[in-house]
Amino acid sequence: MISKQLAKKEHTQAIVDKVQNKIHQKENELYHELEKLINFHQNNKKLAFYFFVEENQESNNSGIIYLIFEGDSLIYWSDNSVPLSDLISDSQTTIINSGNSWNLKVEKSNNDFRYIVLFTVKHQYSYQNEFLENKFHPSLSLPTNTDFVIDENNKNAIFNNSGNYLFSIKINQTSTLTLSNELILTLFYLISLVFFLVFLSALYKYFFKKFKKQWLLIIWFIVDLIIIRYLIFYFKLPRILYESKLFSPHYYAFSEWIPSFGDLIVNIVFIFIISLFIFSNLKFDIKITKIKLFRRYIYSLLLFLIVILFFAGLHIVFYSLINDSIISLDLYNIFNLNWLSLISFFILFISQLSFFLISSKIIFFIYKLVGSFKGFLLSFLPALIIYSFLLFNTDTGNLWLILFLLIYILSFGLFFHQKIFKLNFINILFYATLFSIFSAYILQIYNESKEQENRKFLAINLSLEKRDPVAEFLFQKKNQEIEQDNYLKNLVNDYFLNHITEDSISQYISQKYFYDFSRSYNQQVTICDKNDFLFISSAEVETNCWSFFNNLIESYCKVSHDDNLCFLNYGPGDSGYLAILNIEKRNTHDTIKVFVELTPKFFTKDLGLPDLLIDRDVLKEPALGEYSYAIFNNGILIQRVGKYFYNFDINHYSNPVTKISFFNKNNYNHLVYKADDSRILIISKKNKSFFDIIAPFSYFFIFYSLLIFTVIITIRLLGGSFKYHYNFRHRLQFSMTLVLLLTFVVMGIFTLQYISNLNSKKNDDILNEKTHSILNELQNKIIDKDFLTESDEYYLGDLLVTYSNIFYTDINLFSLDGTLLASSRQQIFKEKLISKKMNPQAFMKLSLENYSFYIQNEHIGNQHFLSAYIPFINYQNRVIAYLNLPYFAKEKDLQREISSFIVTYINIYILLIVFSILLAVLISNYISQPIKLIMKKISDIKLSGNNEKIEWKRDDELGQLIASYNSMIDQLAISAELLAQSERESAWREMARQIAHEIKNPLTPMKLTIQHLQHAWNSQAPDWDKRLQKFTKTMIEQIDTLSIIASEFSSFAKISHDKKEDINLLEVIQSSINLFSSAENISIVLKTNFEELWIEADKTQIIRAFNNLIKNAYQAIGLRDDGKIIIELLANTENCIIKIRDNGLGISPELTDKIFKPYFTTKSSGLGLGLAIVKSIIIDMGGQITYVSDAGVGTTFTITLPLKKNS
């Protein structure tokens, strides 16, 4: 549904109607603005520029331009981005082509003034590149697949309000998704895919409960996911995504199974779901003791090899993302990163998380399999040796990879050995650090390898030929003008009639056609008839002119875009161009050839503006960026480019043995390329600093930590298990860490702002200095001029080109009316990339407000730059022109400076943050120690016993709190004594009442029996003997009852634990079992894996406790034929746990609170002291006793006792 909505193409007629309405609205707006312009000008004729400035600030890129003509002269203009032409003549609303844009125009005349308002409908530059884009104005909201055409017969015509034709639009129906829609659709696709896979895993997890062979179900799950992935890949689902760039080899391609970046993302998602499913559901319920030791080691070795195989897969993901893609992953220069880089880093995180989940599960099983750390090492060592052997037999062999794997696996072994492996904060931090180091290192070595490969390619490219795409492109356009230039033909013919000199023709050709080449090339013009001869001074020979140049062309020429321009490649670093102009002789069919030799001046790459003149279809030369290079011929330096200063003699450097070699010198890494026996090329790049090298670690550590904790918190929030005990110590730690982080962010923002401001000020200072220097040089040449006119264009142009090369900047000179007089870069204006008028804001500042110097930001298309203006004053101290320097600040240098700062800043602060967190933990622990002590003492307070006071010497807030605590302890001791006394009295009263009641029960029948016997004696009853015998029997029974009562009371009163000794608990329990083993209807089973468990206890009392519990279970079962008592004995590092379970009658819920109370019993006999005695014995031993009962099913008593220390 989403794909259909995003890919839905708007109906052509709907687009036409929308554009029509917007054009009508815009036309009405233009008429409104026209009236405003006329009213303002008529009232403030000399302040029109202020109106333009105010309107431009309000409109903010509205595309509206204001013009005022007085006669045929333009006197006011609001924008110089649109070149003016003779087409601005029709008074009716129309559409005009200014040379770089199509504009909607309205105008009105008033007296001698013509007022014109334009709206830029679409830019239409003669070049297309990253700075110049032919696109409609954003306010028209047209799809990107819309073209602008002038064709009245086109059915998609647009008309103005008067019904006059303006233009037509053409809709390209073959367009694909826009980038934003592509990203949105991909995001929804991945979310839906994840939800589907999670649902599928939940479905399999449900079946887990009913399926015994869980490993088989896991295999089915994996196979099903592989089938689903194959079907998605085979049928290209969804189809619209597989037609996008993301799912094409445009960004990334590894193999036919992973042919795109999108496929890689989907594959990683599937792998992660599989690893998560295995980690969550795979249980190793295998009885290890049944597997022979040798087989266990073999299985462990195979499992280690599987872990290593997964590690190799992780390694391949890193390798392919760097080497098989055009995505930048160089964290040293963060300004080169983009949204694809961010996705790539997320892929790396998910890949490593998947590896962690699967490998940790496998390693846990390995440790369980071998049973000891020693066995763990013995099984891992052969696997590590095999991996090392295979790794060093490939190009990826690296000792650090082996070291990482060793640390990673041994860490699991140690954690399992110490039984401390939990996903707690410390462990997460450890593995985040470990994987951050791994990621940073892998990126470092592969980025470095990729950079060296690129440098090799650059070396070969530079050594082959140094072509100039700008020069070739410009000549291709100039040649068409040359062929139609009749004036040039007349000049050449007049030369052979001796009417003019060769210098006159050379000057005309250079200024008219090769003026734009003068910055970068020395020019030599030679005019040749077929019979002319040339004298070659270097060889002191004379040769035919045509033959000389023909031999030159045959030997060295490579034809460029135009057949009349040859690229002369004499060898690495030595090249140039030869232009051939064919002029027909007057009144004959013979040809005169004019040869123009262009020899490079070897200036470094121009700033900014030349990029505007390169069409995107023209192949650019490789960017040198941070490189420097030098070319040596026969061991001597002949050319140097960049910041590195090379020695003039090649012997100063290591003589290359191989064709390509690398070496380090002066903190630079140098590539030496031996082009041939005489030519050597060196390309150098500055080595990274220590902070540059460790920078990726900091980025990865922050990125991974944020992702990990985000995932953990999200999972716990969704599962409802997020409970955080936020105590005073944690608040203190959090506060200190938060203050540091806020300081880090605030300081970073202000420092970056400071660097940016400092750079702006530096650029202003540079521009100021250059402007005044050029002004002084020009004044020395033309200060005697009373005024400057267009007739001085060529002379001024030559001067500006000369100074442009000296000062390394472009220079423009404007007349007092703001019109261009001369420029060192005429091509910008000839190609109509910008108007020949001065920027109106600058013109206003210099002309009306008399500024002596003015700097502002300007732009041509998307190319932004600083521009400085200064008045040019002659010998009479009068302003005769305005000097302009457009300065293209080195944005790349600023970005590198900011990136370098961020790298250093983050690395330093990462160390500070880690140190501060540790310090916060120490300080918080120190500060909270007294509070923790008070908490402990309060928790240890008992009503009975001696409660300790706290010693505190300082008289501070904590001291007052502790004094209050100590006072409370004193008062508590007094209250406890009174309470104990009261409880003892109460207890004895209750005990006396209960005993009296219990004794009274047998005494009553005894009294009645004696009375009956006495009556029989007095009456001389005949059955006296029989009555005496019955009396005796009754008295004995009641006396026995009294004896039992006395014994139980004595036992309860005499519970003593003074005779503690080391006891093997298994022997005690077995002794109690033996006591009741003779019962025929009850079986007693002991379950344990231990041979002995030692505790400290009174043996008599502990035997008594277990006898009572087993006796209770025995009595609860009663006469059942299938009676069963199960005694289960467990233990951990501190306690032993005994569970006594029977299948008797159980205990009803309403009796739960009474079961351990003295004198409570559910039986018809006894005092009910048995369980009370058991509980007293267990508690006094430092243990606990609980029970769980189900009426009619049975009861389980659970006893926890502390083990003997070091047992």
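This note's numbering numbers the first residue of the sequence shown as 4 and each following residue consecutively.
Think of the CB as a built atom: it goes at the ideal place given N, C-alpha and C, for glycine as much as any other residue.
In this text the structure is predicted, and so the values were computed from the model without any measurement.
Exercise for review: Give me the Cβ distance between Leu306 and Ile365, rounded to the nearest whole Å; I'm assuming they're in contact under 8 Å.
Suggested key: As a first step, residue 306 is located in the sequence shown; it is residue number 303 there, counting from the start. As a first step, residue 365 is located in the sequence shown; it is residue number 362 there, counting from the start. Their Cβ separation, rounded to whole angstroms, is 5 Å, which keeps Leu306 and Ile365 in contact under 8 Å.
Practice item. Out of His253, Tyr885, Ser323, Gln1118, state which residue places its alpha-carbon closest to the alpha-carbon of Leu791. Key: Here residue 791 is taken as the residue at index 788 of the sequence shown, counted from 1. For the residues His253, Tyr885, Ser323, Gln1118, the minimum Cα distance to Leu791 belongs to Tyr885.
Review point. From what residue to what residue does the alpha helix (DSSP H) around His27 run?
Key: Against the sequence shown, residue 27 aligns to sequence position 24. Looking at the DSSP string, the run of the alpha helix (DSSP H) that includes His27 is 15-46.
Review point. Looking at the unbroken beta strand (DSSP E) that takes in Phe868, where does it start and where does it end?
Key: Here the question's residue 868 lines up with position 865 in the sequence shown. Per DSSP, Phe868 belongs to the beta strand (DSSP E) from 866-876.
Exercise for review: Just mark Val1191 as buried or exposed, buried being the case when its beta carbon has 16 or more other beta carbons within 10 Å.
Suggested key: For the purposes of this step, residue 1191 is taken as the residue at position 1188 of the sequence shown. Exposed, since its Cβ has fewer than 16 Cβ neighbours within 10 Å.
Exercise for review: Say whether the segment 903-923 touches the segment 682-698, bearing in mind that this needs 3 or more beta-carbon pairs closer than 8 Å, one atom from each stretch.
Suggested key: yes
**Study point:** Which residues DSSP lists as bridging Phe598, in chain order
**Key:** On the sequence shown, residue 598 is found 595 positions in, with the first residue counted as 1. Looking at the DSSP assignment, Phe598 forms a beta bridge with Thr529, Ile583.
Exercise for review: Look up Phe287 in the DSSP assignment and say whether it is helix, strand or coil.
Suggested key: Mapped onto the sequence shown, residue 287 falls at position 284. Correct three-state label for Phe287: coil.
Review point. Going by the beta-carbon positions, is the gap between Ile1231 and Thr149 smaller than 8 Å?
Key: The structure shown does not extend to residue 1231, since the chain is modelled only from 4 to 1210, so the question has no answer here.
Check your understanding: Counting pairs of beta carbons, one from the segment 789-807 and one from the segment 487-498, are three or more of them closer than 8 Å?
Key -> no
Review point. Taking the beta strand (DSSP E) that Asp1145 falls in, what are its first and last residues?
Key: Here the question's residue 1145 lines up with position 1142 in the sequence shown. Segment 1138-1145, the beta strand (DSSP E) holding Asp1145.
**Study point:** Beta-bridge partners of Lys688, as assigned by DSSP
**Key:** The residue labelled residue 688 in the question sits at position 685 within the sequence shown. Its beta-bridge partners are Asn672.
Point to revise | 7 Å CB neighbourhood of Phe606 in its chain, flanking five on each side removed | key: For the purposes of this step, residue 606 is taken as residue 603 along the sequence shown, with counting starting at 1. Since pLDDT at Phe606 reaches only 42, below the 50 mark, its modelled position is unreliable, and no value is offered.
Review point. Among Ile1141, Asn184, Glu861, Phe238, which has the Cα closest to the Cα of Asn887?
Key: Taking the first residue of the sequence shown as 1, we reach residue 887 at position 884. Comparing Cα positions, the closest option is Glu861.
**Study point:** Collapsed DSSP secondary structure at Asp973 in the structure displayed
**Key:** Reading the sequence shown from its first residue, position 970 is the one you call residue 973. In this structure, Asp973 counts as helix in the three-state DSSP scheme.
Check your understanding: With C-beta atoms as the reference, is Ile172 less than 8 Å away from Tyr118?
Key -> For the purposes of this step, residue 172 is taken as residue 169 along the sequence shown, with counting starting at 1. For the purposes of this step, residue 118 is taken as residue 115 along the sequence shown, with counting starting at 1. For Ile172 and Tyr118, no; Cβs fall outside 8 Å.
Review point. According to DSSP, is Gly265 helix, strand or coil?
Key: Taking the first residue of the sequence shown as position 1, residue 265 is located at position 262. Residue state, collapsed to three classes: helix.
Check your understanding: Which value, in whole angstroms, describes the spacing of the CA atoms of Leu417 and Phe665?
Key -> Position 414 of the sequence shown holds residue 417. Position 662 of the sequence shown holds residue 665. About 43 Å.
Review point. Three or more C-beta pairs closer than 8 Å, one from the segment 433-453 and one from the segment 543-557: is that the case here?
Key: no
Point to revise | Any 3 or more C-beta pairs closer than 8 Å across the segment 367-387 and the segment 294-304 | key: yes
Review point. Among the residues of its own chain, which have a CB less than 8 Å from the CB of Leu437, if the five just before and after it don't count?
Key: Locating residue 437 in the sequence shown gives position 434, where the first residue counts as 1. Counting only Cβ-Cβ distances below 8 Å, and skipping sequence neighbours, we find Phe407, Ile410, Tyr411, Ser414.
Check your understanding: In its own chain, which residues sit with a C-beta less than 8 Å from the C-beta of Leu1031, not counting the 5 before and 5 after it?
Key -> Walking along the sequence shown from the start, residue 1031 turns up at place 1028. Hits under 8 Å: Leu1016.
Check your understanding: Where do the N-terminal and C-terminal ends of the beta strand (DSSP E) with Asn113 fall, by residue?
Key -> The residue labelled residue 113 in the question sits at position 110 within the sequence shown. Here the beta strand (DSSP E) through Asn113 covers 104-113.
**Study point:** Coarse secondary structure for His1216, derived from DSSP in three states
**Key:** With the chain covering 4 to 1210 only, the question about residue 1216 has no answer from this structure.
Check your understanding: What are the uninterrupted segments assigned as alpha helix (DSSP H) that are 4 or more residues long and contained completely in the segment 1170-1205, given in chain order?
Key -> 1173-1183
Practice item. Tell me, to the nearest whole angstrom, how far the beta carbon of Leu1206 is from that of Leu1096; I am working on the premise that it is less than 8 Å. Key: Mapped onto the sequence shown, residue 1206 falls at position 1203. Mapped onto the sequence shown, residue 1096 falls at position 1093. Between Leu1096 and Leu1206 the Cβ distance is about 7 Å, and since that is below 8 Å, they are a contact.
Practice item. State the DSSP-derived secondary structure class of Ser855, mapped to helix, strand or coil. Key: Your numbering for residue 855 matches position 852 in the sequence shown. Residue state, collapsed to three classes: coil.
Review point. For Phe198, does the count of other Cβ atoms within 10 angstroms reach 16, so buried, or fall short, so exposed?
Key: Start at 1 with the first residue of the sequence shown, and residue 198 comes out as number 195. By the 10 Å Cβ count, Phe198 comes out exposed.
Review point. Do you know how far the Cα of Asp787 is from the Cα of Leu121?
Key: Taking the first residue of the sequence shown as position 1, residue 121 is located at position 118. Taking the first residue of the sequence shown as position 1, residue 787 is located at position 784. Using only the alpha carbons, I get a separation of about 41 Å.
Practice item. Could you check how far apart the C-beta atoms of Asp1124 and Asn1067 are, in whole angstroms? I think they sit under 8 Å. Key: For this step, residue 1124 is matched to residue 1121 along the sequence shown. For this step, residue 1067 is matched to residue 1064 along the sequence shown. With 8 Å as the limit, Asp1124 and Asn1067 do not qualify as a contact, their Cβ atoms being about 34 Å apart.
Review point. According to DSSP, is Ala884 helix, strand or coil?
Key: As a working mapping, residue 884 is identified with position 881 in the sequence shown. The answer is strand: DSSP assigns Ala884 an E or B state.
Check your understanding: Whole-angstrom Cβ separation of Asn865 and Phe134, contact assumed at under 8 Å?
Key -> As a working mapping, residue 865 is identified with position 862 in the sequence shown. As a working mapping, residue 134 is identified with position 131 in the sequence shown. About 5 Å separates the two Cβ atoms, so the contact holds.
Review point. Does the segment 15-26 come close enough to the segment 157-169 to have 3 or more Cβ pairs within less than 8 Å?
Key: yes
**Study point:** Closest Cα partner of Leu799 within the set Leu778, Ile405, Ser826
**Key:** Residue 799 sits at position 796 when you count from the first residue of the sequence shown. Of the listed residues, the one whose Cα sits closest to Leu799 is Ser826.
Check your understanding: Helix or strand or just coil, what does DSSP make of Trp1020?
Key -> In the sequence shown, counting from the first residue as 1, residue 1020 sits at position 1017. Three-state result, Trp1020: helix.
Practice item. Given a cut-off of 8 Å, decide if Ile873 and Leu778 are closer than it, judged by their beta-carbon atoms. Key: The residue you call residue 778 lines up with position 775 of the sequence shown. The residue you call residue 873 lines up with position 870 of the sequence shown. Yes. Within cutoff.
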